[in-house]
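Heads up, the thing below is written out as structure tokens.
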Amino acid sequence: MELKLEMIVMPVSDIDRAKAFYEKVGFRLDVDHTASEDFRAVHFTPPGSECSIIFGEGMTPIAPGSFQGLYLIVSDIEEAHAELVGRGIEVSEIFHDANLFFHGHEDGDVTHRSPGQERLTGLHPERASYGSFLTFSDPDGNGWVLQEITQRQPGR
1 MELKLEMIVM PVSDIDRAKA FYEKVGFRLD VDHTASEDFR AVHFTPPGSE CSIIFGEGMT
61 PIAPGSFQGL YLIVSDIEEA HAELVGRGIE VSEIFHDANL FFHGHEDGDV THRSPGQERL
121 TGLHPERASY GSFLTFSDPD GNGWVLQEIT QRQPGR
């Protein structure tokens with residue numbers, strides 16, 4: 001059986017503010033559909049992704065800003081950083097983990113860290129695949145992580 005993650009329902013408090021933000025980030029707007037005053041669906045896809053996000057009215061009871069550590073993979077973290085900054089998105093500096101195992105988002109409650117992990121400024125010193133990161137948040141505080149992967153692990 002093949003299973004593909006297709007969509008993530010994103011909790012937001014202001015649909016139009018979130019829509020403007022994800023357009024600014026560079027996600028592709030796929031659908032903005034209002035079925036009634038109680039239901040509106042806004043669907044975006046990150047460039048190059050097969051998985052999308054959807055948010056709107058009547059979509060989820062989850063609290064806005066509660067999603068942390070949503071990963072976007074890039075082949076060049078410096079290029080991604082420059083592009084996001086150029087689009088006016090507030091992003092962290094590029095960083096790496098002392099143990100090559102950062103997971104999570106600094107501003108969230110859940111960072112998926114092991115005790116003793118240390119976040120260090122700058123690219124991974126060996127520019128190891130899976131080793132360099134940056135983060136940003138949407139206006140509600142949903143936290144995204146960009147991770148540089150230049151060569152995938154076997155089986156991926």
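Going by full-length UniProt numbering, the sequence shown opens with residue 1, and the numbers climb by one from there. Glycine included, C-beta positions come from ideal geometry on N, C-alpha and C. The structure presented is a predicted model; accordingly, all values stated were derived computationally and were not measured.
Integer Cβ distance of residue i from residue j, believed to fall under 8 Å
| i | j | result |
| --- | --- | --- |
| G143 | L70 | 7 Å |
| V42 | V31 | 7 Å |
| T60 | S52 | Rounded, the Cβ-Cβ distance is 15 Å, inconsistent with contact. |
| L120 | V91 | Wrong, their Cβ atoms sit about 17 Å apart, outside the cutoff. |
| I77 | L146 | 6 Å |
Residue nearest to residue i in terms of C-alpha spacing, selected from the options
| i | options | result |
| --- | --- | --- |
| N99 | I89, Y130 and S92 | Y130 |
| F21 | E6, F39, I73 and F55 | F55 |
| D19 | E50, L3, E57 and D38 | Note that residue 19 is Lys in the sequence shown here, rather than Asp. Nearest of E50, L3, E57 and D38 to K19, Cα basis: E57. |
| I73 | P139, M10 and E50 | E50 |
| L123 | T34, G48 and E79 | E79 |
| I149 | F95, S132, I89 and G88 | S132 |
| P64 | A128, I15, P125 and Q151 | I15 |
| A128 | D140, M7, E118 and H96 | H96 |
| V12 | S36, H81, G48 and R40 | R40 |
| G141 | R87, F67 and G86 | F67 |
| P139 | L29, Q151 and M10 | M10 |
Element boundaries [beta strand (DSSP E), containing residue i]
| i | result |
| --- | --- |
| I15 | No beta strand (DSSP E) contains I15, which is instead part of the alpha helix (DSSP H) from I15 to V25. |
| V145 | G143 to E148 |
| V31 | R28 to S36 |
| G86 | No beta strand (DSSP E) holds G86; the alpha helix (DSSP H) holding it covers I77 to G86. |
| A41 | F39 to T45 |
| L120 | R119 to T121 |
| D133 | According to the sequence displayed, residue 133 carries Phe and not Asp. That run of the beta strand (DSSP E) goes F133 to S137. |
| D140 | Counting along the chain, D140 falls outside any beta strand (DSSP E), and DSSP gives it neither H nor E. |
| M7 | M7 to V9 |
| Y130 | It is not in any beta strand (DSSP E) - Y130 carries neither H nor E in the DSSP assignment. |
Residue i burial status per 10 Å Cβ neighbour count (16 or more: buried)
| i | result |
| --- | --- |
| M1 | exposed |
| S75 | exposed |
| V110 | Because the pLDDT of V110 is 45, which lies under 50, any placement of that residue in the model is unreliable, and the question is left without a value. |
| G108 | With a pLDDT of 47 at G108, under the threshold of 50, the modelled position of this residue cannot be trusted; read the value that follows with caution. Buried: at least 16 other Cβ atoms inside 10 Å. |
| F136 | buried |
| Q153 | exposed |
| I94 | buried |
Residue i: CB within 7 Å of a non-hydrogen atom of the ligand MG
| i | result |
| --- | --- |
| V9 | As far as ligands go, the structure on display features none, and thus does not contain the ligand MG. |
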